[in-house]
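Mapping of the sequence shown onto our numbering: position 119 corresponds to residue 189, and the numbering continues sequentially without gaps.
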Amino acid sequence: MPLTDDAAERVAILADDLIWATRLGDALAAAGASPLRTRRQADLEALIARGDASRVVVDLTARAYDGVAAVEAAARAGARVIAVGQHDDVELRRRALAAGAEKVFAYRALFEAGPSKLRAWLDASA
(Lines of atoms letter the chains of each structure in order from A; the text may use other names.)
(Lines give C-alpha, C1' and ligand atoms only; values in the text may rest on other atoms or scores of the structure.)
Protein backbone atom coordinates (compact mmCIF):
# COMPACT_ATOMS: atom_id res chain seq x y z
CA MET A 71 0.00 0.00 0.00
CA PRO A 72 2.37 2.73 -1.15
CA LEU A 73 1.77 6.34 -0.29
CA THR A 74 2.81 8.80 -2.94
CA ASP A 75 2.92 11.91 -0.73
CA ASP A 76 2.41 12.35 3.01
CA ALA A 77 0.49 15.61 2.41
CA ALA A 78 -1.78 14.11 -0.26
CA GLU A 79 -5.24 12.91 0.60
CA ARG A 80 -5.25 9.18 1.20
CA VAL A 81 -7.84 7.29 -0.81
CA ALA A 82 -8.55 3.60 -0.24
CA ILE A 83 -9.00 1.35 -3.24
CA LEU A 84 -10.84 -1.93 -2.86
CA ALA A 85 -10.05 -4.09 -5.88
CA ASP A 86 -9.13 -7.75 -6.06
CA ASP A 87 -7.98 -7.52 -9.68
CA LEU A 88 -4.29 -6.55 -9.78
CA ILE A 89 -4.56 -4.75 -13.11
CA TRP A 90 -7.46 -2.56 -11.97
CA ALA A 91 -5.96 -1.98 -8.55
CA THR A 92 -2.81 -0.73 -10.28
CA ARG A 93 -4.69 1.40 -12.83
CA LEU A 94 -6.85 2.97 -10.13
CA GLY A 95 -3.83 3.59 -7.93
CA ASP A 96 -1.91 5.18 -10.79
CA ALA A 97 -4.88 7.39 -11.72
CA LEU A 98 -5.34 8.51 -8.12
CA ALA A 99 -1.62 9.29 -7.79
CA ALA A 100 -1.75 11.29 -11.03
CA ALA A 101 -4.74 13.17 -9.57
CA GLY A 102 -2.65 14.07 -6.53
CA ALA A 103 -3.90 11.52 -4.01
CA SER A 104 -2.09 8.80 -2.10
CA PRO A 105 -3.68 5.46 -2.97
CA LEU A 106 -4.06 2.78 -0.31
CA ARG A 107 -4.72 -0.52 -2.06
CA THR A 108 -6.56 -3.38 -0.44
CA ARG A 109 -8.15 -6.58 -1.71
CA ARG A 110 -10.45 -7.40 1.22
CA GLN A 111 -13.49 -5.59 2.54
CA ALA A 112 -12.37 -6.16 6.15
CA ASP A 113 -9.08 -4.37 5.39
CA LEU A 114 -10.96 -1.49 3.80
CA GLU A 115 -13.20 -1.16 6.85
CA ALA A 116 -10.12 -1.14 9.10
CA LEU A 117 -8.52 1.66 7.05
CA ILE A 118 -11.66 3.76 7.42
CA ALA A 119 -12.06 2.98 11.13
CA ARG A 120 -8.45 4.04 11.83
CA GLY A 121 -9.00 7.27 9.95
CA ASP A 122 -6.44 6.32 7.29
CA ALA A 123 -8.86 7.10 4.46
CA SER A 124 -12.03 9.16 4.23
CA ARG A 125 -12.56 8.45 0.53
CA VAL A 126 -12.90 5.11 -1.17
CA VAL A 127 -12.95 3.69 -4.69
CA VAL A 128 -14.62 0.27 -4.98
CA ASP A 129 -14.26 -2.07 -7.96
CA LEU A 130 -17.75 -3.56 -8.22
CA THR A 131 -16.93 -6.66 -10.25
CA ALA A 132 -14.81 -8.49 -7.73
CA ARG A 133 -14.78 -12.15 -6.83
CA ALA A 134 -13.30 -11.82 -3.32
CA TYR A 135 -15.99 -9.50 -1.93
CA ASP A 136 -19.45 -8.12 -2.65
CA GLY A 137 -18.88 -4.71 -4.25
CA VAL A 138 -22.28 -3.29 -3.31
CA ALA A 139 -21.89 -4.43 0.30
CA ALA A 140 -18.45 -2.80 0.38
CA VAL A 141 -19.89 0.48 -0.92
CA GLU A 142 -22.61 0.35 1.70
CA ALA A 143 -20.19 -0.42 4.56
CA ALA A 144 -17.80 2.36 3.55
CA ALA A 145 -20.58 4.92 3.15
CA ARG A 146 -22.16 3.88 6.46
CA ALA A 147 -18.76 4.42 8.13
CA GLY A 148 -18.73 7.99 6.82
CA ALA A 149 -16.43 7.65 3.81
CA ARG A 150 -17.11 9.31 0.49
CA VAL A 151 -17.38 6.50 -2.04
CA ILE A 152 -17.23 6.13 -5.79
CA ALA A 153 -17.28 2.87 -7.69
CA VAL A 154 -16.16 1.48 -11.01
CA GLY A 155 -17.87 -1.24 -13.01
CA GLN A 156 -19.06 -2.45 -16.38
CA HIS A 157 -20.80 0.26 -18.41
CA ASP A 158 -23.60 -2.06 -19.46
CA ASP A 159 -24.45 -3.45 -16.01
CA VAL A 160 -27.17 -0.92 -15.25
CA GLU A 161 -28.61 -2.93 -12.36
CA LEU A 162 -25.28 -3.20 -10.53
CA ARG A 163 -24.65 0.51 -11.04
CA ARG A 164 -28.11 1.33 -9.68
CA ARG A 165 -27.56 -0.85 -6.62
CA ALA A 166 -24.16 0.76 -5.92
CA LEU A 167 -25.70 4.23 -6.08
CA ALA A 168 -28.49 3.16 -3.75
CA ALA A 169 -25.88 1.74 -1.36
CA GLY A 170 -24.11 5.10 -1.09
CA ALA A 171 -21.78 5.54 -4.05
CA GLU A 172 -21.66 9.17 -5.19
CA LYS A 173 -20.99 8.04 -8.73
CA VAL A 174 -20.31 4.82 -10.61
CA PHE A 175 -17.78 5.19 -13.39
CA ALA A 176 -17.44 2.81 -16.30
CA TYR A 177 -14.04 1.12 -16.50
CA ARG A 178 -13.42 2.76 -19.86
CA ALA A 179 -14.11 6.27 -18.50
CA LEU A 180 -11.54 5.85 -15.75
CA PHE A 181 -9.08 4.18 -18.09
CA GLU A 182 -9.28 7.02 -20.61
CA ALA A 183 -9.63 10.04 -18.30
CA GLY A 184 -9.10 8.72 -14.79
CA PRO A 185 -6.82 11.42 -13.36
CA SER A 186 -9.09 14.30 -14.43
CA LYS A 187 -12.28 12.58 -13.27
CA LEU A 188 -10.71 11.59 -9.96
CA ARG A 189 -9.23 15.08 -9.46
CA ALA A 190 -12.70 16.56 -9.94
CA TRP A 191 -14.05 14.14 -7.30
CA LEU A 192 -11.23 15.00 -4.91
CA ASP A 193 -11.88 18.72 -5.42
CA ALA A 194 -15.64 18.41 -4.89
CA SER A 195 -16.94 19.14 -1.43
CA ALA A 196 -19.17 16.65 0.32
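We put the CB at the ideal spot given by N, CA and C, even for glycine.
Asked	Found
Rounded straight-line distance, which links the Cα of Ala143 to that of Ala112	10 Å
Counted within 10 angstroms of its Cβ, other Cβ atoms place Asp136 as buried (16 or more) or exposed	exposed
C-alpha distance - Leu167 paired with Val174, whole-angstrom precision	7 Å
Which of helix, strand or coil DSSP assigns to Gly155	strand
Nonlocal neighbours in the same chain, by C-beta distance under 7 Å from Gly95, ignoring five residues either side	Ile83, Pro105, Arg107
First and last residue of the uninterrupted beta strand (DSSP E) at Ala176	174 to 176
Inter-residue spacing [alpha-carbon to alpha-carbon] between Val127 and Ala153	5 Å
Neighbourhood of Glu115 by C-beta distance below 8 Å, restricted to the same chain and skipping five residues each side	Ala143, Ala144, Ala147
Runs of beta strand (DSSP E) lying entirely within the stretch 92 to 135, each at least 3 residues, in chain order	104 to 108, 125 to 129
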